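A.B. asks: Just so you know, the protein sequences line up as chains A and B, in that order. If you're matching positions, the first sequence starts at 21 in the working numbering and goes up one per residue. If you're matching positions, the second sequence starts at 6 in the working numbering and goes up one per residue.
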Amino acid sequence: MQIPVPIWQPRPRVVLNYAIAVLAVAAALTVGLMFEHFLQSSPHVSLFLCAILFIAWACGTGPAVFVTVLTIAAFEYFILEPTHSFAIVEKDMPRLAVFSLAAFFVVLLSAAQRRSAESLRHARDANQAIVEELRRVNEMLRVENAERRQAEEKVGRAERQLKEAIDTIPTLITSWTPDGKRDFVNAAWERFTGVSRTEALGTEWSTIVHPDDVEIGESKWRNALTKGEPLQIEQRLQRADGEYRWHFVERVPLRDDTGKVTKWYSSAYDIEDQKQAESALQLSRAQLENAERELRLTLDTMPTFAWRTRADGFAEYLNKPWLDYTGLSLEQALGWEWQIAIHPDDRPHLLAAWERILASGKAAEVEARLRRFDGAYRWFLFRPAPLYDDAGNVVRWYGTNTDIEDRKRAEFALQRSEAYLAEAQKLSRTGSIGYDVTTGEFFWSEETYEILGFDRSVEPSIDTAVERVHPDDRALVRHQVERAMRREANFDYEHRLLMPDGQIKHVHVVAHLVKTASGSEELLGALMDVTQAKKAQEELQTAQAELAHASRVATLGEISASIAHEVNQPLAAIVANAQASLRFLNHESPDLNDVRGALEWIVKDGNRAAEVIQRVRTLVKKTDTQKVGLDINDAINDVVALLQRELSAHRVWLKLELAADLPKVFADRVQLQQVTMNLIMNGAEAMQEIEDRPRLLTIRSSLDDAQVAVAVKDCGIGLTAEDQNRLFNAFFSTKPGGLGIGLSICRSIIEAHGGRLWASANADHGATFQFVLPLPEAA
Amino acid sequence: MKEAKKKDSLPVVLVIDDDESVRVALTNLFRSMHFDVLVFGSAPELMASKLPDAASCLVLDIRLPGVNGLEFQEELAKAGIHLPIVFMTGHGDIPMSVKAMKAGAIDFLTKPFRDQDMLDAVTRALQNDRERRDGEETKAKLRRLFESLTPREREVMTLVTKGLMNKQIAGELSVSEITIKIHRGQVMRKMGARSLADLVRMAEGLGLHRAKTGMQT
Numbered sequence: 021m022q023i024p025v026p027i028w029q030p031r032p033r034v035v036l037n038y039a040i041a042v043l044a045v046a047a048a049l050t051v052g053l054m055f056e057h058f059l060q061s062s063p064h065v066s067l068f069l070c071a072i073l074f075i076a077w078a079c080g081t082g083p084a085v086f087v088t089v090l091t092i093a094a095f096e097y098f099i100l101e102p103t104h105s106f107a108i109v110e111k112d113m114p115r116l117a118v119f120s121l122a123a124f125f126v127v128l129l130s131a132a133q134r135r136s137a138e139s140l141r142h143a144r145d146a147n148q149a150i151v152e153e154l155r156r157v158n159e160m161l162r163v164e165n166a167e168r169r170q171a172e173e174k175v176g177r178a179e180r181q182l183k184e185a186i187d188t189i190p191t192l193i194t195s196w197t198p199d200g201k202r203d204f205v206n207a208a209w210e211r212f213t214g215v216s217r218t219e220a221l222g223t224e225w226s227t228i229v230h231p232d233d234v235e236i237g238e239s240k241w242r243n244a245l246t247k248g249e250p251l252q253i254e255q256r257l258q259r260a261d262g263e264y265r266w267h268f269v270e271r272v273p274l275r276d277d278t279g280k281v282t283k284w285y286s287s288a289y290d291i292e293d294q295k296q297a298e299s300a301l302q303l304s305r306a307q308l309e310n311a312e313r314e315l316r317l318t319l320d321t322m323p324t325f326a327w328r329t330r331a332d333g334f335a336e337y338l339n340k341p342w343l344d345y346t347g348l349s350l351e352q353a354l355g356w357e358w359q360i361a362i363h364p365d366d367r368p369h370l371l372a373a374w375e376r377i378l379a380s381g382k383a384a385e386v387e388a389r390l391r392r393f394d395g396a397y398r399w400f401l402f403r404p405a406p407l408y409d410d411a412g413n414v415v416r417w418y419g420t421n422t423d424i425e426d427r428k429r430a431e432f433a434l435q436r437s438e439a440y441l442a443e444a445q446k447l448s449r450t451g452s453i454g455y456d457v458t459t460g461e462f463f464w465s466e467e468t469y470e471i472l473g474f475d476r477s478v479e480p481s482i483d484t485a486v487e488r489v490h491p492d493d494r495a496l497v498r499h500q501v502e503r504a505m506r507r508e509a510n511f512d513y514e515h516r517l518l519m520p521d522g523q524i525k526h527v528h529v530v531a532h533l534v535k536t537a538s539g540s541e542e543l544l545g546a547l548m549d550v551t552q553a554k555k556a557q558e559e560l561q562t563a564q565a566e567l568a569h570a571s572r573v574a575t576l577g578e579i580s581a582s583i584a585h586e587v588n589q590p591l592a593a594i595v596a597n598a599q600a601s602l603r604f605l606n607h608e609s610p611d612l613n614d615v616r617g618a619l620e621w622i623v624k625d626g627n628r629a630a631e632v633i634q635r636v637r638t639l640v641k642k643t644d645t646q647k648v649g650l651d652i653n654d655a656i657n658d659v660v661a662l663l664q665r666e667l668s669a670h671r672v673w674l675k676l677e678l679a680a681d682l683p684k685v686f687a688d689r690v691q692l693q694q695v696t697m698n699l700i701m702n703g704a705e706a707m708q709e710i711e712d713r714p715r716l717l718t719i720r721s722s723l724d725d726a727q728v729a730v731a732v733k734d735c736g737i738g739l740t741a742e743d744q745n746r747l748f749n750a751f752f753s754t755k756p757g758g759l760g761i762g763l764s765i766c767r768s769i770i771e772a773h774g775g776r777l778w779a780s781a782n783a784d785h786g787a788t789f790q791f792v793l794p795l796p797e798a799a
Numbered sequence: 006m007k008e009a010k011k012k013d014s015l016p017v018v019l020v021i022d023d024d025e026s027v028r029v030a031l032t033n034l035f036r037s038m039h040f041d042v043l044v045f046g047s048a049p050e051l052m053a054s055k056l057p058d059a060a061s062c063l064v065l066d067i068r069l070p071g072v073n074g075l076e077f078q079e080e081l082a083k084a085g086i087h088l089p090i091v092f093m094t095g096h097g098d099i100p101m102s103v104k105a106m107k108a109g110a111i112d113f114l115t116k117p118f119r120d121q122d123m124l125d126a127v128t129r130a131l132q133n134d135r136e137r138r139d140g141e142e143t144k145a146k147l148r149r150l151f152e153s154l155t156p157r158e159r160e161v162m163t164l165v166t167k168g169l170m171n172k173q174i175a176g177e178l179s180v181s182e183i184t185i186k187i188h189r190g191q192v193m194r195k196m197g198a199r200s201l202a203d204l205v206r207m208a209e210g211l212g213l214h215r216a217k218t219g220m221q222t
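#1: Is there a C-beta anywhere in chain B that falls below 8 Å from the one on residue 595 of chain A?
#2: Contact check, residue 354 of chain A vs residue 343 of chain A under 8 Å by CB: the rounded distance?
#3: Are the beta-carbon atoms of residue 162 of chain B and residue 204 of chain B separated by less than 8 Å?
#4: In terms of alpha-carbon separation, which member of A/255, A/85 and A/248 lies closest to residue 229 of chain A?
#5: Going by DSSP in three states, residue 120 of chain B sits in which element: helix, strand or coil?
#6: Expressed to the nearest angstrom, what Euclidean distance is found between the alpha-carbon atoms of residue 193 of chain B and residue 101 of chain B?
#7: So, for residue 44 of chain A: in the same chain, excluding its five sequence neighbours on each side, which residues have a beta-carbon less than 7 Å away from its beta-carbon?
#8: Would you say residue 36 of chain B lies against chain A (beta-carbon separation less than 8 Å)?
#9: Taking 8 Å as the CB-CB limit, is residue 591 of chain A close to chain B?
#10: How far does the alpha helix (DSSP H) with residue 469 of chain A in it extend, from its first residue to its last?
#11: Would the region 586-597 of chain A and the region 113-131 of chain B be scored as touching if the rule is three or more Cβ pairs under 8 Å?
#12: Return the bridge partner residues of residue 362 of chain A from the DSSP annotation.
#13: Classify residue 277 of chain A as helix, strand or coil using the three-state DSSP reduction.
#14: Report the three-state DSSP secondary structure of residue 385 of chain A (helix, strand or coil).
#15: In whole angstroms, give me the CA-to-CA distance for residue 41 of chain B and residue 15 of chain B.
#16: Once the 5 residues before and after residue 20 of chain A are set aside, which same chain residues still bring their CB inside 6 Å of it?
#17: Residues of chain B with a CB under 8 Å from the CB of residue 624 of chain A: which are they?
#18: When DSSP labels each residue in this structure, what does residue 209 of chain A get in the three-state scheme?
#19: From residue 144 of chain B to residue 788 of chain A, what distance separates their C-alpha atoms?
#20: Rounding to the nearest angstrom, what Cα-Cα distance links residue 159 of chain B and residue 711 of chain A in this structure?
#21: Starting from residue 258 of chain A and walking both ways along the beta strand (DSSP E), at which residues does that stretch end?
#22: With 16 other CB atoms within 10 Å as the buried threshold, where does residue 90 of chain A fall?
#23: Could you give the first and the last residue of the continuous beta strand (DSSP E) run that contains residue 115 of chain B?
#24: Using three-state DSSP, classify residue 6 of chain A as helix, strand or coil.
#25: Work out the CA separation of residue 181 of chain B and residue 173 of chain B for me, nearest whole Å.
#26: Quick check: what's the CA-CA separation for residue 709 of chain A versus residue 691 of chain A?
#27: Let's see if you can read the secondary structure: which residues bound the alpha helix (DSSP H) around residue 12 of chain A?
#28: Give me the chain B residues within the contact set of residue 599 of chain A, using Cβ-Cβ distance strictly less than 7 Å, ordered along the chain.
#29: Does the beta carbon of residue 287 of chain A fall short of 7 Å from some heavy atom of the ligand HEM?
#30: Rounded to whole angstroms, what's the CA-CA distance from residue 657 of chain A to residue 700 of chain A? Just pull it up for me.
#31: What would DSSP say about residue 79 of chain A, mapped onto helix, strand or coil?
#32: Is the separation between the beta-carbon of residue 493 of chain A and that of residue 528 of chain A shorter than 8 Å?
#33: Check the Cβ of residue 614 of chain A against every Cβ in chain B and list those closer than 8 Å, keeping chain order.
#34: Does chain A have any CB closer than 8 Å to the CB of residue 74 of chain B?
#35: Which ranges would you report for the beta strand (DSSP E) in the region 619-673 of chain A if only whole runs of at least 3 residues count?
#36: When the Cα atoms are used, what is the spatial distance from residue 134 of chain B to residue 58 of chain B?
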């Protein structure tokens, strides 16, 4: 039914109400005045009453009263005489009073009207509400009805479905009477047990249970039945084929409103596989426990320290050896506390490395010192390795610490010795070279690179090295390389290097072939920069040559008288012969043969004098060593010729025992003559004081054992043992006023020729000075 | 070594030098001076050979192998060889030369020498030798005469020439003066002395009163 439109009543706000009230009054007044003015009527009262009515209707009682007061005041003020004042004439007072009364009546009326309207409204609303309610309920009932019907249908459907489900699901469903008898079993139950529904009715629970499970099942079931509490149990139930299979059985009671159990429902599902898995699991767990125990035992027995941390590095486990070594307890070392066992100097480095490893998630190694229980520190190798989960994240870190103290010590020793070696190489300018014959690998030490002037990045090889060899020496070096290829064993040679900047270096290479422990053959050698030594040697040789020269000159000075004599002899003969020739020619009948003879002798003597001069000049000349093939006897004879006069002046009787056909030696003529001269002079001087025997000086040359030997033997004052030792020292002399450099120079000269010079006392009198010179090597 | 008497042979120059050139040259030189030359390589060589019986002199180098010229000089004197010596030297041995001259060398020449100097020296030397030889002869004769005296006569002669009077001599010899006089007369006669002065001279010549040590005149 249609609901009528309710009576509309405006409900403006309060302030607005009063404002409207004022306005209304003002409007009424204005209209009244206008009427008065234009129409000469004065319906003020009516207007005011209208205003009051309007306000009472529109705005309510309060504003109406307000308006009333206002209208009265306005009426009084504006309309009643005197206008525009509140004075009241007596005659108008009834008018005012009536007006006021009217106004108030209007207000009252309107108020009453309002009230009744209000209550009408209320009643209507209430009515409406009830109708509404009734309608709603009706609707609800209808819906409910429909729903109920639906639900009934559903229930019916569900029941059917449930029934189907119950019969379909593999779970064995049974329902029981409160005293524990079966009153329903589902199809699955039937299928499993092989017992039909009808047969199962009224049976006890234990009928299909494994005998061994009956006892415990019984007590539990009793308990449940009594208390009405649900029951959960695992039991072996017998299958149709006689097999017992584990089932998980759950029985729940169904209570009615009073709380009494009206039915028991139970479900059982096959957990045989699970059970088997469980026992397998238990077995494996037992095995695992075993294994764990063994592992623990191993971890605790083996000497290596082992530990485990979380993925963030927090230590969870440290094995017994670790704890025993550090002397810490597990509590003391767990977490982050293990760090206290690290050497303070190594801690920052270890921790930084640990952080890096943790971040990288990869196994790594770090070395650090670990403190022993007695305070000593030993080097250990820390080796953490991560354990990943399936997603590839690190879940644990497992690590070992291995004692590497000895290795570390050896490392340090090796480093130190390597440093020493490198330093020694640098100081001595010796570089190492190695060549593995089997692999062809080359090795150059730091100093070798330095000497050869190659950057460290250059790959060592023969050809690279040969680049640096002086062009003139390359043939020699190549020859040595060929020797190396032929696996020859020993090398010792010198050659020059030509550096890129033009500098020349002298190097001395020594090497030998060794068999290493691994069985391969290696050529190990050293490359020595002997430039300085060479230079020094050259300078020394120069100095020696100068000294030798000076010595020669000095010796010649000593024998200058003899030399002068040597020249004088032929000169005297020349003069005498010439004079004789003149005299012969003055004879009455000159014998020209005599003259000729004399002249021939002049020629001979002139040549002889020239020879002497030549010999002297040769000795005086300052020449570099010029080695030539030399017959030692020639040299001796030359010297003897020079010294003959001197010797005879000293009454020295010279005996020459020069072997014939001596092979030539490779030597410097001047230098050998110097030596011989020196030895002869020394021998003669040694015999100066001798009066009781002939002053015999013997010079012997011979071939001794593939060497040419020369011996100068005197019978003078001889040598003391002391003298023998110092004889060849520079500045040692037994001669008064002697410089003492003669013999030392002689020795230098002989040794520079590859020979040996020595002195020995004779058995009877005097001394013998001998030197030997090697024969030239067969080319 | 024997002395043969040949008064009229050419004078001989004996040369000792170890240097062949010098020997040859000197040979030529002396031969060109019309001297005879004998050359020796060493002092022993000379000593081993027969000296010529003629006036001769010796020319030798003062430094010979093995022997000092001056020493050789002494040696010769000891051996009774009174050859005059001319020394040569190839060295400038001034001190040596002084010694040599003091030892009675005729001259000391340094090589190379002027031929005239050598000639003069050798001539002088030979002259000396000739004189010596003559002197020697005379002495020889005296000696023969002396030897013909009896021992007693010799004694007497010695004492007489000493200046002793007959009486003193008789006393010395424990014989009578008369005996002494007789001996004296014999001595005078045998010796051919015409006066005491002669005898004294002869005695001196015989060296009867010579001191044990002394230089050979």
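All C-beta atoms in this analysis are idealised placements derived from N, C-alpha and C, irrespective of residue type, glycine included. These numbers come from a predicted model, not from an experiment.
C.D. replies: Well, looking at it:
#1: Chain B places a beta carbon closer than 8 Å to that of residue 595 of chain A, counting this residue as a contact.
#2: Not really, about 10 Å apart at Cβ, beyond 8 Å.
#3: yes
#4: The residue with the shortest Cα to Cα distance from residue 229 of chain A is A/255.
#5: helix
#6: 48 Å
#7: 71, 74, 75 and 87
#8: Closer than 8 Å to some Cβ of chain A, the Cβ of residue 36 of chain B qualifies, so yes.
#9: yes
#10: 466-472
#11: Touching, yes.
#12: A/390
#13: coil
#14: coil
#15: Residue 15 of chain B has its alpha-carbon roughly 7 Å from the corresponding atom of residue 41 of chain B.
#16: Since the first residue of chain A shown is 21 and the last is 799, residue 20 of chain A is not available in this structure.
#17: Result: 26.
#18: Note: residue 209 of chain A maps to helix in three-state DSSP.
#19: 56 Å
#20: Whole-angstrom Cα-Cα distance: 44 Å.
#21: 251-258
#22: buried
#23: 112-115
#24: Residue 6 of chain A is absent from the model: chain A starts at 21 and stops at 799.
#25: 10 Å
#26: One C-alpha to the other measures close to 29 Å.
#27: Residue numbering for chain A in the displayed model covers 21 to 799; residue 12 of chain A lies beyond these limits and cannot be assessed.
#28: 34 and 120
#29: For the structure depicted, the ligand HEM is absent and the ligand set is empty, with no information on it obtainable.
#30: 12 Å
#31: helix
#32: no
#33: Result: 33, 36 and 37.
#34: no
#35: Taken in chain order, the complete beta strand (DSSP E) segments of 3 or more residues contained in the region 619-673 of chain A are 647-650.
#36: 11 Å
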